[in-house]
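Protein chains in written order, with the working numbering: chain A, 6 to 363; chain B, 2 to 355; chain C, 46 to 353. Okay, so here's the structure we're looking at.
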């Protein structure tokens, strides 16, 4: 008895778009079973997780706020992943971006001068910092062939420790009773709110614009085409004259910049100051979003929304149904497993063949 | 365990389906930074929630969110406010800005922020003078140590922790001016693995009594394993180390929480700051164990003296590590100095991480 | 510093290194077969949770250890099905397992936070364990520590002294060629993945049964990622894994000792050392590779689909 995978000659587009839906439905069903084992009615849980968050203006805003950075980071990551460059360090690039932009805000705090350039400067600083930080694993890979998976991952911890050190030390608010946080940013250093209720801020727009731009580049430009070719067939890329080294650096730059921008958007929008931790794991969640969305911009957008809805639904479930947050995490992990498995079905025909396992 | 969860969930569901009378009840929400079952800081806050539910069962309904990271706290607090809470307790310093922000959006809801320092018309702050308990512990430690070195596992270099260290040292020095204090910073409030490692390191360096400002019982366990003594933190952790715990500095928020809820119910609630100590019953020392009777008597006397004001942990003269005088003889440290303390007292050899 | 103090420091270094040794050796075998398993952290933390739960319910450390290994094995089976059976992307699958493992561990462990049990029993050899200076270090540890060291010897022997080990290494170096030779590539890889997962789960259970007698949410605190780095740092050789684990485990612990001994350096800098050290090691490894001879299993991370 063995599993044989026969590649399909043509990738059925119907199967390609249905497989994630199938995976999602399966995950929800398994989740329903798990929830009933915990003593809660699956119907009530489904309503709290998926329906309730969509029924209130405030939670819709929160969903947008959560989905925006995820979509932005994931779109940047898609550049890398399509080229078989495994950038696992988006979390670190996010943190470094937030730190750099936040430093600009702290440095210009309280100044009376023209304030209108501060916010753009922060956004630029964050993006550049993310790019620079992503260059480290990129250069190590291009020059020395070092595995970017491990270098980018190790750098995440370094970035987090750096932020921790800065927030507790040099960037600490001198009037803050020595508590580990920076001054609260001036109005000029904050992203403006978009509507009444002080929840939705302009960061969502920034993220949306950047995502649209990245999508256009990926789909319509020669560079985007080149990244896809390099990932699918390095030999063909070399024949076509695409420089693998330059593409690697560019792809890392884009994903690092996207993550860094998301970082400063979060700091300037939601948090409004520098703290020892500024990310609830966006960098890693974005990797999941990228794969859930199967590395396509539209898919990433949908996947980001799904993750945002389940996270916010999970928090509501904690209050209303006393269901633990770990359930949400397990669900998200399960969903990714199922999506990856279902994806196989679009690429291969799976046959169970009797005979010796090979 | 599954059955209890099942029962609890069913109970919660039934509660939600309770009759219309529920709408008259005041809904009180609690937000914890760690797990309720840490048997430390968040555990004590949850005890106050349970005490409230027991004291006013007909008038009050409680709920809580645990393991809320500071980055996500604004959403969690706002969610509670939107779920009809009339009074919300946010129990970690890091929740300060999010609490204020949500409070601005919901002026009719009352907020109580623990261990913070910013208030608003509908935001009170409350904290406990933990350092008073530390002073007592310091005296006990200096009396009982045979090696002359005491170990201190500290979390983060914030004033609350630093004032605790200083009070501990001053208490110790009042018994033995030459006692040595070794401090290790673990940069976490709750991580049993790291706390155990820190305990091992301190014991290896010659400390025979441990104190901690972290929440798990791991250091106590380690001390007991090696036949040494230690102090518990936030809650009475005696059952984790019956042979090692001398006492614990216990946070008792029950009285305060019930008072505030009653104030909301009868309409007399006002924004204020509360910083209670042994005198107000907010800091309690767990029963003194594993020590000879005369040390126990001394400890109890010290507690009484602090309660009546005869002893003040930061009574002058207090000299800073750099030699300057922080508090002159005959005076006591004013509250703002203790709230913002970022220096060590003389006698501590380590440098404070800046 | 007295002899006893030195011994105590070494003991803490050894115990800090043990979970890294066990998890890294498992991952070493997996990677030698050509599969990159990024789910080690999830498998470790599940092992810690399930191991602790089983030990509390049965009262036996051994049952806890077995349950922990079993938890890791179970998650690894899912990972193996995805990556070896269905040729799914290894990086994504590994990360999915990490998240799944973290979530499951929280669910399983929820009822056990704050409980305590007796720590795992330590070896006590009358006479030998009391030898000053080395007695406790060599003869006073718990079973996990000895298991870890034994595992290093065992894995080494298996990989270089048995035919099965040779096949495994061959599969990891060139799965196409070994497939052409008629060797069961996928079965070998799947078994290697299972072994790696079991080791990760066992390492996790060490944390909650012996290292500290508690379960706390996410108590592995990133050790799974360090184990991954460790395998590369050790250039896929078991002996170097032990040495590297001692370095990495030691770095974290020595930072605390340094503080206790009043040597002042920013804590964050010292905490960052293992990660920076890994990057440097990777760079040095690559520089060394240019002079000839690659130490990386050549087929590491590449999917294997027999009909391609």
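Note that the Cβ used here is the ideal one computed from N, Cα and C, for glycine as well.
- For residue 285 (chain A), the nearest beta carbon of chain B is closer than 9 Å to its own beta carbon.
- Residue 50 (chain B) is positioned such that its CB atom lies closer than 9 Å to that of residue 90 (chain B).
- Proximity of chain A to residue 265 (chain C) at the Cβ level (cut-off 7 Å) is not reached, the minimal Cβ distance being about 14 Å.
- Residue 122 (chain B) sits in coil when the DSSP states are folded into three classes, being neither helix nor strand.
- Nearest C-alpha to residue 229 (chain C) among C:69, C:180, C:70 and C:78: C:78.
- Rounded to whole angstroms, the gap between the alpha carbons of residue 287 (chain C) and residue 81 (chain A) is 38 Å.
- Of all residues in the segment 181–215 of chain A, the ones placed with a Cβ closer than 9 Å to any Cβ belonging to chain B are 181, 182, 183, 184, 185, 186, 189, 202, 203 and 204, in chain order.
- Contacts between residue 42 (chain B) and chain A, judged by CB atoms closer than 7 Å, are missing: the closest CB pair is about 16 Å apart.
- Any Cβ of chain A closer than 9 Å to the Cβ of residue 188 (chain B) would place that residue at the interface, and such an atom is present.
- Beyond the five residues adjoining it in sequence on each side, residue 293 (chain A) comes within less than 6 Å, by CB distance, of 341 in the same chain, given in chain order.
- Cβ proximity to chain B below 9 Å picks out nothing from the segment 219–233 of chain C.
- The residue among B:69, B:201, B:319 and B:42 with its C-alpha nearest the C-alpha of residue 116 (chain B) is B:42.
- Sequence-distant partners of residue 336 (chain A) (beyond 5 residues in either direction) whose C-beta falls short of 7 Å from its own C-beta, in its chain, are 32, 36 and 315.
- Only exposed fits residue 122 (chain A), as fewer than 16 other CB atoms lie within 10 angstroms of its CB.
- One Cα belongs to residue 201 (chain A), the other to residue 292 (chain C), and the distance between them is close to 55 Å.
- Rounded to whole angstroms, the separation of the alpha carbons of residue 94 (chain B) and residue 67 (chain B) is 15 Å.
- Around the beta-carbon of residue 244 (chain A), fewer than 16 other beta-carbon atoms lie within 10 Å, marking it exposed.
- Taking C-beta atoms as the reference points, residue 215 (chain B) and residue 258 (chain B) fail to come closer than 9 Å.
- A check of alpha carbon separations from residue 139 (chain C) across C:153, C:233 and C:124 identifies C:124 as the nearest.
- Contact with chain A is absent for residue 166 (chain B), since none of that chain's Cβ atoms lies less than 9 Å from the residue's Cβ.
- Using a Cβ-Cβ cut-off of 9 Å, residue 307 (chain B) does not count as an interface residue toward chain A, since no Cβ of chain A sits closer than that to its own.
- Rounded to the nearest whole angstrom, the CA to CA distance from residue 300 (chain C) to residue 48 (chain C) is 20 Å.
- The three-state secondary structure of residue 12 (chain A), taken from DSSP, is strand.
- Cβ neighbours of residue 89 (chain A) within its own chain (closer than 6 Å, five residues either side excluded): 236.
- Note that the segment 311–329 of chain A does not touch the segment 268–281 of chain A; fewer than 3 beta-carbon pairs, one per stretch, sit closer than 8 Å.
- For residue 269 (chain B), no CB of chain A lies under 9 Å from its own CB, so it is not counted at the interface with that chain.
- About 23 Å separates the beta carbons of residue 144 (chain B) and residue 185 (chain B), which is beyond the 8 Å limit, so they are not a contact pair.
- Within the same chain, 188 come within 8 Å of residue 180 (chain A) by CB-CB distance, once the 5 residues on both sides are set aside.
- Scanning B:47, B:161, B:313 and B:239 for the CA closest to the CA of residue 333 (chain B) turns up B:313.
- Residue contact check for residue 39 (chain A) against chain B: no CB pair falls below 9 Å.
- Boundaries for residue 31 (chain B): no alpha helix (DSSP H) harbours it, while the beta strand (DSSP E) harbouring it runs 27–32, taken from the DSSP string.
- For the segment 282–308 of chain A, the residues whose beta carbon sits under 8 Å from a beta carbon of chain C are, in order, 289, 292, 293 and 296.
- In this structure, DSSP gives residue 324 (chain C) a helical state, which the three-state scheme calls helix.
- At least one C-beta of chain C is nearer than 9 Å to the C-beta of residue 351 (chain B).
- Between residue 146 (chain C) and residue 241 (chain C), the C-beta gap is not smaller than 9 Å, which leaves the two residues out of contact.
- Assigned with DSSP and collapsed to three states, residue 192 (chain A) falls in helix.
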